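So the numbering used here is basically just the index in the sequence shown, starting at one, shifted up by 407.
Ideal Cβ placement from N, Cα and C applies to all residues, glycine included.
These numbers come from a predicted model, not from an experiment.
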Amino acid sequence: MALKNVPELRKFVAPEIVYGEGAIDLAGRYAKIFGASKVMLVTGKKVLKAGWSDIAANSIEKAGLEYTVFSDVTPNPRVEEVMKGAGVYREEGCDIILAVGGGSVIDCAKGIGIVSTNRKSILDFEGADRVHIPGPPLICIPTTAGSSADVSQFAIISDRNNLRKIAIISKTLVPDIALIDPVTTITMEADLTASTGIDALTHAIEAYVSNAHSPLTDVHALEAVSLICSNLLHAIEEPENIVARSGMMLGSLHAGLAFSNASLGAVHAMAHSLGGLSDLSHGECNSILLSHVIKYNYQSAPWRFDRIAIAMGLQLAGSGSDERSSALSDHVREILRKAGIDKCLGDLGVKNEDIRGLVQNALRDPCIVTNPRIPSESDLERIYEEAL
Ligand SMILES: [Fe+2]
Numbered sequence: 408m409a410l411k412n413v414p415e416l417r418k419f420v421a422p423e424i425v426y427g428e429g430a431i432d433l434a435g436r437y438a439k440i441f442g443a444s445k446v447m448l449v450t451g452k453k454v455l456k457a458g459w460s461d462i463a464a465n466s467i468e469k470a471g472l473e474y475t476v477f478s479d480v481t482p483n484p485r486v487e488e489v490m491k492g493a494g495v496y497r498e499e500g501c502d503i504i505l506a507v508g509g510g511s512v513i514d515c516a517k518g519i520g521i522v523s524t525n526r527k528s529i530l531d532f533e534g535a536d537r538v539h540i541p542g543p544p545l546i547c548i549p550t551t552a553g554s555s556a557d558v559s560q561f562a563i564i565s566d567r568n569n570l571r572k573i574a575i576i577s578k579t580l581v582p583d584i585a586l587i588d589p590v591t592t593i594t595m596e597a598d599l600t601a602s603t604g605i606d607a608l609t610h611a612i613e614a615y616v617s618n619a620h621s622p623l624t625d626v627h628a629l630e631a632v633s634l635i636c637s638n639l640l641h642a643i644e645e646p647e648n649i650v651a652r653s654g655m656m657l658g659s660l661h662a663g664l665a666f667s668n669a670s671l672g673a674v675h676a677m678a679h680s681l682g683g684l685s686d687l688s689h690g691e692c693n694s695i696l697l698s699h700v701i702k703y704n705y706q707s708a709p710w711r712f713d714r715i716a717i718a719m720g721l722q723l724a725g726s727g728s729d730e731r732s733s734a735l736s737d738h739v740r741e742i743l744r745k746a747g748i749d750k751c752l753g754d755l756g757v758k759n760e761d762i763r764g765l766v767q768n769a770l771r772d773p774c775i776v777t778n779p780r781i782p783s784e785s786d787l788e789r790i791y792e793e794a795l
């Protein structure tokens, strides 16, 4: 017999998390706990230059372990980079992966791991629950406050041959350890702080209104909205303000725990499609679409969107639902304007004739399934047109 008001079954997965200043220095100790002998350190050029990869490498050396560095990773990591990294992992005889970087680096490291153990193309894992053999142990040190790839069961890989991004969702992609050190984010430039911060805000909003949300993910999503909205502009304006950086890192962590378990929605499905076509940064793609999708989705979950607005600090008392919907999307646009990323698709070279292809890829993206309102082709066409 079905009972009323009984919660539906929901799972919640998360890695072991160490949060705080100095977490980066624990990389070697954790690699040793796993019994590793050779570490593959996956990182990116900017992170290498900022010195964070060296700090992690020193910790590996201090633990008495060998390591090899793989840094051929670009923003929007590509199929070829993952496959090349998997080749290096095997040739070098590595037995653990340490990712030091933003979402692109961590997603590439996740890809290298599952390709190495399954001996398949990364393209074979597209979709939900398609990974049969877990990768080797994965330790992540995020250096941006946004992607939360260090706690999530997602990896997004760019297939440049077909101008699309593939989403891989699997519990096997949840890293083993997330060493989250907010100090690593002080070297982020203003535009990266803004775009990754808006990515985190989008994670929180989409997780809260997702049709796979749960009481556990709701707590994290709302806390993330509040932390990100109170700290983002400070972090952009004062890069070394560690209070703001810590607030953003914690906000991103909460958002990651929420979206990894509740999944996302139309903003991400459409942003993945856009990033596949144009190779634009993921955060920028989200920022262009966010307010338009909020307007489209509002009536499907008005109470939930109102809670988001309240977490952002908006006063809604006495207003009707149309006013509340506009107040929220206007406020999001205002945050984007102040953060310096209030662009439209036309500014970035996207044309009307691109929209049909964008819609087709967005409809294939697994994130579309958990949007609170299931969109038709023409709905998505209209949203892209509004964002043009
Ligand atoms: Fe994202």
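Per-residue burial, residue i [other beta carbons within 10 Å of its own, 16 or more giving buried]
i: residue 722; result: exposed
i: residue 528; result: exposed
i: residue 416; result: exposed
i: residue 544; result: buried
i: residue 488; result: buried
i: residue 711; result: buried
i: residue 517; result: buried
i: residue 549; result: buried
i: residue 755; result: exposed
i: residue 713; result: buried
i: residue 554; result: buried
i: residue 724; result: exposed
i: residue 446; result: buried
i: residue 507; result: buried
Three-state secondary structure assigned by DSSP to residue i
i: residue 721; result: coil
i: residue 393; result: The structure shown does not extend to residue 393, since the chain is modelled only from 408 through 795, so no value can be given for it.
i: residue 674; result: helix
i: residue 751; result: coil
i: residue 736; result: helix
i: residue 570; result: coil
i: residue 685; result: helix
i: residue 595; result: coil
i: residue 565; result: strand
i: residue 416; result: coil
i: residue 489; result: helix
i: residue 362; result: Given that the chain is displayed from residue 408 to residue 795, the structure contains no residue 362 and the question cannot be resolved.
i: residue 508; result: strand
i: residue 441; result: coil
i: residue 547; result: strand
i: residue 585; result: strand
i: residue 476; result: strand
i: residue 457; result: helix
i: residue 649; result: helix
heavy atom of ligand 2 below 6 Å from residue i C-beta
i: residue 514; result: By its list of ligands, the structure shown excludes ligand 2, since it contains just ligand 1.
For residue j and residue i, believed in contact at Cβ under 8 Å, the rounded distance
i: residue 641; j: residue 651; result: 4 Å
i: residue 552; j: residue 594; result: The Cβ separation is near 12 Å, so there is no contact.
i: residue 444; j: residue 502; result: 6 Å
i: residue 546; j: residue 586; result: 7 Å
i: residue 564; j: residue 573; result: 5 Å
i: residue 649; j: residue 582; result: 24 Å between Cβ atoms; not a contact.
i: residue 448; j: residue 475; result: 7 Å
i: residue 671; j: residue 794; result: So it is not a contact: roughly 17 Å between Cβ atoms.
i: residue 673; j: residue 638; result: Not quite, the Cβ-Cβ distance comes to about 26 Å (not below 8 Å), so this is no contact.
Exercise for the section: Would you be able to state if there are at least three C-beta pairs under 8 Å between the region 425-443 and the region 569-582? Expected result: no
Practice task
Tell me, please, whether the region 605-623 touches the region 472-486 by the rule of three or more beta-carbon pairs shorter than 8 Å.
Solution key: no
Practice task
Count the CB pairs spanning the region 602-613 and the region 652-665 that are closer than 8 Å, and state whether there are at least three.
Solution key: yes
Problem - Sufficient close CB pairs (3 or more, under 8 Å) joining the region 666-673 to the region 552-561 - result: yes
Problem - Three or more C-beta pairs below 8 Å linking the region 731-743 and the region 766-784 - result: no
Handout entry: Touching by the beta-carbon criterion (3+ pairs, under 8 Å), the region 700-714 and the region 683-691
Key = no
Practice task
Spell out a yes or no on whether the region 504-517 and the region 441-457 are touching, meaning 3 or more CB-CB pairs, one atom from each, closer than 8 Å.
Solution key: yes
Handout entry: Segment contact, 8 Å Cβ cut-off, at least three pairs: the region 741-750 with the region 761-768
Key = no
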